[in-house]
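Engineer: Protein sequence lines, in the order shown, are assigned to chains E and Z. Residues in the first sequence are numbered from 0 upward in steps of one, following numbering that gives the first Met the number 0. Residues in the second sequence are numbered from 0 upward in steps of one, following numbering that gives the first Met the number 0. The beta carbon of each residue, even a glycine, is placed where N, CA and C say it ideally should be. Once you've had a glance at the structure underneath, I'll fire off some questions.
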Amino acid sequence: MALVEIRDVHKKFGRVDVLKGVSLDVEEGEIVTIIGRSGSGKSTLLRCINALESVDAGEIRVEGQKVYAGMPDLKKFRQHVGIVFQAFNLFPHLKVERNITLAPLLTGRIDKAKARALALDVLTRVGLADKIDAWPEQLSGGQQQRVAIARCLAMAPHLMLFDEVTSALDPELVGEVLKVMEAMAKQGMTMILVTHEMGFARNVADRIVFMHQGRVWEQGPPAKLFANPETSELASFIASAK
Amino acid sequence: MNFLPLWRYQNQLIDGAIVTLELTVIAALFGLLIGIAGAVALKGRIKSLRWLVRGYIELFRNTPSLIQIFIVFFVLPTFGLKLPAFEAASVALSLYFGAYSVEIIRSGLDSIPNSQVEAGHCLGLSGWQVFRHIVLPPALRNAYPAVTSQFVLLLLGTSLASQVAADELFHVAGFIESRTYRSFEVYAVICVVYFAMAMSFKALFALVGAAAFRWPRRR
């Protein structure tokens, strides 16, 4: 059984069909990168996997559990599925340590005595242990994004979703975030990424999924997909992304 | 100009100032509670409750506060609720302050981007936990300057309670004036007292604000 099973998912916003029958499986430990033009439905699909949006038709299952906005164990489910956003979404009124430990403490995952150690552990993994007492506003964009990743890691997720996490960063800050994600990939974390970083997709992903007009247009291993795209849409997308 | 005849009334003036402060603090505390509850209701899903809160806000922001005090003091007894002057003024001023607080706190809540709420939910937090730990602190910071300005207006507005003979500062001044015929001196003194109280609160709020909201503002 795949960790994530997406079956014929449809999603509309008003009259606009954003997802028109998407099916996709993601195996445990797999790194799947979703690429495609703006408006192709990539981010919406990611948000549906975390029940931030509910699907109109079809079904999404994560670890065998059906996912939808009103599901009974939604809070518990989300503790196991981390999502990192383009805009970091750190809590500006909480220091880095509290940003990381707030959810583990409030959900009862850890007690107060272990909070700082947990924060230090996940910050070390993203290379920011020295920023534990900083305010988010005192960090660069790249550092904030790494703290956002650390905040997710503190919940020990089974699956991580990344929604264009480098798009809001200055070019010189992109590398440090990708490095952290690469390290997570090596440690066997199951990851689904929406990204415009073609280099990262090519080097790190196990599989690339190209979405076009709300559908999975083409998918396969990066080497094959980049070298021999089967559809003209993917060929033109790869050419435009170079 | 002779301030000496006022000296023997210093205890009454101090008592009056204390009553003014009590009235202000009580009305502000209850008004703030009304403000938070009303703002949550305004952002809630129950349409009838939203209409009720909206009606309350419009009623209390578009009628004179003096009439509101009169209604609580003179009209409610006909419905069996008879309150002494201080309590009646406290109720009316709480409702008055509450009506403004609802809008101020609602705008504070609205200033928090939805992405913050989403981030909280994505970490597995409940709606209440997201509100209490993620939305409320920065919302209060954003609302704080307007709430404190409104507080000072409330402090000055407590003088209206003199009209139902609550023993606050302005009422005491009227009493002293009737005994001494020193109108200018009496009102000059209480003017200074009101000014000093208002400025002290402003300084206090600045200190409290700096201590409570320590995180740096967005660049």
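For the 8 Å Cβ check, are there 3 or more pairs between the region 176-193 of chain Z and the region 127-141 of chain Z?
Structural biologist: No, the region 176-193 of chain Z is not in contact with the region 127-141 of chain Z.
Engineer: Decide if I45/Z is buried, meaning its Cβ has at least 16 other Cβ atoms within 10 Å, or exposed.
Structural biologist: Flag for I45/Z reads exposed.
Engineer: Tell whether a beta-carbon distance below 7 Å holds between P156/E and P91/E.
Structural biologist: Result no, Cβ atoms of P156/E and P91/E do not sit closer than 7 Å.
Engineer: Does the CB of N227/E have a neighbour CB from chain Z at under 7 Å?
Structural biologist: So no, N227/E is outside the interface.
Engineer: Which of the three DSSP states, helix, strand or coil, is assigned to A56/E?
Structural biologist: A56/E falls in the strand class under three-state DSSP.
Engineer: Classify C190/Z as buried or exposed, calling it buried when 16 or more other Cβ atoms lie within 10 Å of its own Cβ.
Structural biologist: So C190/Z ends up on the exposed side.
Engineer: If you draw a straight line from the alpha carbon of V247/E to that of L51/E, how long is it in whole angstroms?
Structural biologist: One cannot answer for residue 247/E here, as it falls past the ends of chain E, which runs 0 to 241.
Engineer: Do we get a CB-CB distance below 7 Å when we pair F90/E with the residues of chain Z?
Structural biologist: Yes, contact with chain Z.
Engineer: Based on the DSSP secondary-structure assignment, which residues constitute the bridge partners of G81/E?
Structural biologist: DSSP output for G81/E lists M159/E as bridge partner(s).
Engineer: Helix, strand or coil: which one does DSSP assign to F87/E?
Structural biologist: F87/E falls in the coil class under three-state DSSP.
Engineer: Jot down the residue ranges of each uninterrupted alpha helix (DSSP H) in the region 1-55 of chain Z, minimum 4 residues, whole runs only, in chain order.
Structural biologist: Whole alpha helix (DSSP H) segments, 4+ residues: 9-41.
Engineer: Have a look at R222/Z and Y8/Z and give me their C-alpha separation to the nearest angstrom.
Structural biologist: No answer is possible for residue 222/Z: the residues shown for chain Z start at 0 and end at 218.
Engineer: Does E26/E pass the burial test, meaning 16 or more other C-beta atoms within 10 Å, or should it be called exposed?
Structural biologist: Its Cβ having fewer than 16 others within 10 Å, E26/E is exposed.
Engineer: Do the region 38-58 of chain E and the region 189-200 of chain E meet, that is, are 3 or more Cβ pairs less than 8 Å apart?
Structural biologist: Short answer: they touch.
Engineer: Is there a Cβ from chain Z that is less than 7 Å from the Cβ of L262/E?
Structural biologist: For residue 262/E there is no data in the structure shown, the boundaries of chain E being 0 and 241.
Engineer: What is the DSSP secondary structure of F78/Z, reduced to helix, strand or coil?
Structural biologist: Reduced to three states, the DSSP call for F78/Z is helix.
Engineer: Please look up how many angstroms separate the CB atoms of A98/Z and Y143/Z, rounded, as I've assumed it's under 8 Å.
Structural biologist: So it is not a contact: roughly 18 Å between Cβ atoms.
Engineer: Between the Cα of D169/E and the Cα atoms of S139/E, A149/E and M197/E, which residue gives the shortest distance?
Structural biologist: Among S139/E, A149/E and M197/E, the Cα nearest to that of D169/E belongs to S139/E.
Engineer: On the DSSP bridge assignment, give the partners of Q247/E in chain order.
Structural biologist: A question about residue 247/E goes unanswered here, because the residues of chain E that appear run from 0 up to 241.
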